[in-house]
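I have placed the structure first, in the form of structure tokens, so that the comments after it can refer back to it.
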Amino acid sequence: MTDMRVSLPGLDMKNPIMPASGCFGFGKEYSEFYDLSLLGAICVKAVTPSVRKGNPTPRVAETGGGMLNAIGLQNPGLDHVMEDELLWLQQFNVPVIVNIAGTTPEDYCRVATAVSDLPNVKAVELNISCPNVKEGGIAFGTDPVIARDLTEKVKKVCSVPVYVKLSPNVTDIAGVAQAVEDGGADGLSMINTLLGMRIDLATGRPVLANGTGGLSGSAIRPVAVRMIHEVSRKVQIPIIGMGGVTCADDALELILAGASAVAVGTQNFVDPFACPAIIDELAEKVSRYNVSSIQELSGRSWKTSATQLLTNR
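Numbering (the UniProt record's numbering), first residue to last: 1 to 313.
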């Protein structure tokens, strides 16, 4: 039987599947459907030092093969998350990654310092790629120098490994990846949403109140595969891959491209059982490969010569 466990900095995962930040809240709604301990990890919604109300509505719209969102990092703030959400998650046998955001480096450092003291928080994810906020977010993630400096600052104050979530809305994502690796990042998360827009045919105005939003869902998976394939050849740190994963085959594609673990985002809204279904299906899919551990498949698309990979179709 293939070993489905994955070991990443700070994260001993029983399988490589986790919900992506922003698509799972803090897990309470999904805990009504299944035991969250089934997951390899949980990456919770972005946390900022103070309460954020988010962007005006409407801020979600369906598209062909995905959806646009401009939530604007709405969250109940650090104190509430520390005292309620993260303590509640301690009842589950699953490592927690806290996605942290802010408008200044000091914001990121304050949240990272606080949450990394909790026993079930095993890593933080720097959100330097949200396209839906006017300050912070993607402003940190499009300049390699700023991204590296922010990573260095957070690493100095954070007691758990730091993963940096990269934006696809750049011309050289490998350059940003190498910069945050130089800044001490322990791993990468990629990709975040692609900046997009829809126009209401009746009014002629953008559908979202914010004008633009982040495109997610299956429509962006080929972009994620290409970028993971490109970045994993340039860095030595592991990648948590995400972007349009709907099934085990999609997850395997990201792993073969170079991801070590996979986060499921928009599909959680389509099917609340998406993560446990992919976990079950993935074990059966991986058993068809001649490997003893799923970790052996990471990066096979460029680590091995062009030979038949499946041995038992």
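No residue lacks a Cβ here, since even glycine has one placed at the ideal position from N, Cα and C.
Taking its Cβ as the centre, do 16 or more other Cβ atoms sit within 10 Å of residue i, making it buried, or is it exposed?
i       : result
Glu-85  : buried
Phe-24  : buried
Arg-313 : Model confidence at Arg-313 stands at a pLDDT of 49, short of 50, so the residue's coordinates are unreliable; what they give is reported in the following sentence. It is exposed - the Cβ of Arg-313 has fewer than 16 other Cβ atoms within 10 Å.
Leu-87  : exposed
Arg-52  : buried
Gln-295 : buried
Ser-50  : exposed
Pro-95  : buried
Gly-214 : buried
Ser-116 : buried
Lys-122 : buried
Ala-202 : exposed
Is residue i helix, strand or coil by DSSP?
i           : result
Cys-130     : coil
Leu-201     : coil
Thr-113     : helix
Val-245     : coil
Arg-313     : For Arg-313, the predicted model reports a pLDDT of 49, less than 50, meaning its position is unreliable; a value from the coordinates is still stated below. Three-state DSSP puts Arg-313 in coil, outside helix and strand.
Gly-214     : strand
Cys-275     : helix
Val-291     : coil
Glu-125     : strand
Leu-256     : helix
Ala-261     : strand
residue 318 : Only positions 1 to 313 of the chain appear in the structure, and residue 318 is not among them; the question remains open.
Leu-194     : strand
Asn-169     : coil
Pro-206     : strand
Pro-144     : helix
Excluding the 5 residues preceding and the 5 following residue i in the sequence, name in chain order all residues of the same chain whose CB lies nearer than 8 angstroms to its CB.
i       : result
Glu-252 : Looking at the sequence shown, residue 252 is not Glu but Leu. Within the same chain, Leu-252 has close Cβ partners Leu-282, Lys-285, Val-286 and Leu-297.
Gly-184 : Thr-151, Glu-152, Lys-155 and Val-162
Met-190 : Lys-165, Leu-166, Pro-168, Ile-173, Ala-177, Ala-224, Met-227, Ile-228, Val-231, Ile-239, Ile-240, Gly-241, Met-242 and Gly-243
Thr-57  : Ala-209
Asp-271 : Ala-277
Below 7 angstroms CB to CB, which residues in the same chain sit around residue i once its five sequence neighbours on both sides are set aside?
i       : result
Asn-55  : Ala-70, Ile-71, Gly-72, Asn-132, Ala-209 and Asn-210
Ala-114 : Leu-78 and Met-82
Cys-43  : Met-18, Pro-19, Ala-20, Ser-21, Ile-97, Asn-99, Glu-125 and Ala-263
Where DSSP assigns a beta bridge to residue i, which residues make up the other side?
i       : result
Asn-69  : Val-60 and Gly-214
Cys-43  : Ile-97
Tyr-163 : Glu-125 and Gly-187
Asp-250 : DSSP output for Asp-250 lists no bridge partner at all.
Pro-49  : Per DSSP, none; premise fails for Pro-49.
Met-13  : Val-6
Met-1   : Answer is none; Met-1 lacks a bridge partner.
Ile-240 : Ser-189 and Ala-261
Met-82  : Per DSSP, none; premise fails for Met-82.
Pro-19  : Val-264
Asn-55  : In the DSSP output, where bridge partners are listed per residue, Asn-55 has none listed.
Asn-75  : Arg-52
Just to confirm my understanding: we take residue i, look at its own chain, exclude 5 residues before and 5 after, and list those with CB closer than 6 angstroms. What are they?
i       : result
Gly-299 : Ser-232 and Gly-258
Ile-146 : Phe-140
Leu-118 : Leu-86
Thr-212 : Leu-195 and Met-197
Gln-90  : Asn-120
Ile-255 : Leu-297 and Ser-298
Asn-127 : Ala-46, Asn-99, Ala-101 and Lys-165
Val-207 : Ala-61, Arg-198 and Asp-200
Counting pairs of beta carbons, one from the segment 12 to 21 and one from the segment 261 to 269, are three or more of them closer than 8 angstroms? yes
Touching by the beta-carbon criterion (3+ pairs, under 8 angstroms), the segment 59 to 68 and the segment 24 to 41: no
Three or more C-beta pairs under 8 angstroms: does that hold for the segment 155 to 167 against the segment 196 to 209? no
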